[in-house]
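Please read the structure below before turning to the comments.
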Amino acid sequence: MWRVSALVEALMTFTVLAVADGLVDEVDVPWWVFALAVGAHLAWAAVVPQWRYLVHRWEVTETAVYTQTGWWARERRIAPMSRIQTVDHAEGAVERLFRLATVTVTTASAAGALRISGLDRDDARRLVDELTLRADAVEGDAT
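Reminder that position 137 of the sequence shown reads as 173 in my numbering, one-by-one numbering, no gaps.
Written as C-alpha cells, this is what we have:
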C-alpha cells in the first residue's frame, strides 16, 4: 500500500509538471526537472515502505495501547486504557484497494491521537471493538 501510494504521488507530480509545461507559456520545465522529480519519487517508493515496515510498531495490553513511529527520530507513545476517549476506524482510497484500514485512538493527551496504519480491514474492526470494550471496562472518566 505504501509503495502504491508513493507511485501514485510520483504520477501526480509528473502530471502537474507536464500540464504546467504544456499549458503555461511562461513555464518551460527542463527535462532534468522531470527526471529528478520522477527519480526522487521512485527512490522514495523503493526505500521508505520497507523502512516504515521495520520501524512502525504497535501493541495492545490489558492496561494500554503502545505505538512506535518515526523516520529519523523515533517516537514511542503509550495511551492508558483509562485515558481513551474514542476509537475510530478509517479506510482511505488506496487502503480499500488492499483491504487495509487505520485505527485512531483518541485520548485526553495534548500530543494528539495514536494512529495504527496498514492493518488488515477485519483485524482493524476487531481491534476497534476490543479497545472500545476494554476502555469502557476501566474505571475513570478519560479526562
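Where a beta carbon is used, it is the ideal one built from N, C-alpha and C, also for glycine.
- Query: Going by alpha carbons, who is nearest to P116 out of M48, R39, A149?
  - Reply: Counting from 1 along the sequence shown, the entry for residue 116 is found at position 80. That would be A149, whose Cα lies nearest to the Cα of P116.
- For A81 versus R39, is the C-beta distance shorter than 9 Å? Your numbering for residue 81 matches position 45 in the sequence shown. Your numbering for residue 39 matches position 3 in the sequence shown. Yes.
- Message: On the DSSP letters alone, give me the boundaries of the beta strand (DSSP E) that P66 sits inside.
- Response: For the purposes of this step, residue 66 is taken as the residue at position 30 of the sequence shown. It is not in any beta strand (DSSP E) - P66 carries neither H nor E in the DSSP assignment.
- Message: Would V74 and V130 be called neighbours here (beta carbons separated by less than 9 Å)?
- Response: Here residue 74 corresponds to residue number 38 of the sequence shown, with the count starting at 1. Here residue 130 corresponds to residue number 94 of the sequence shown, with the count starting at 1. No, these two residues do not count as a Cβ contact at 9 Å.
- Query: Excluding the five sequence neighbours on either side, which residues of its own chain have a C-beta within less than 6 Å of the C-beta of E95, listed in chain order?
  - Reply: On the sequence shown, residue 95 is found 59 positions in, with the first residue counted as 1. So the list reads Y102, once near-sequence residues are dropped.
- Message: Alpha carbons only, please: which of V69, M48, V174, W107 is nearest the one belonging to Q86?
- Response: The count along the sequence shown starts at 1 and reaches residue 86 at position 50. Measuring from the Cα of Q86, the nearest candidate turns out to be W107.
- Message: Which complete alpha helix (DSSP H) runs does the stretch 99-144 hold, if anything under 4 residues is left out?
- Response: 129-133
- Query: Is the Cβ-Cβ distance between R157 and E111 less than 9 Å?
  - Reply: In the sequence shown, counting from the first residue as 1, residue 157 sits at position 121. In the sequence shown, counting from the first residue as 1, residue 111 sits at position 75. Contact: no.
- Task: Taking all protein chains shown into account, decide if T99 is buried (16 or more other Cβ within 10 angstroms of its Cβ) or exposed.
- Result: Locating residue 99 in the sequence shown gives position 63, where the first residue counts as 1. Under this definition T99 is an exposed residue.
- Taking the CB atoms as reference points, tell me whether L167 and I120 lie closer together than 9 Å. One-based indexing of the sequence shown puts residue 167 at position 131. One-based indexing of the sequence shown puts residue 120 at position 84. Against a cut-off of 9 Å, the Cβ pair of I120 and L167 comes out as a contact.
- Task: Would you kindly work out how many angstroms separate the C-alpha atoms of R162 and D64, rounded to a whole number?
- Result: On the sequence shown, position 126 is the one that residue 162 refers to. On the sequence shown, position 28 is the one that residue 64 refers to. Whole-angstrom Cα-Cα distance: 52 Å.
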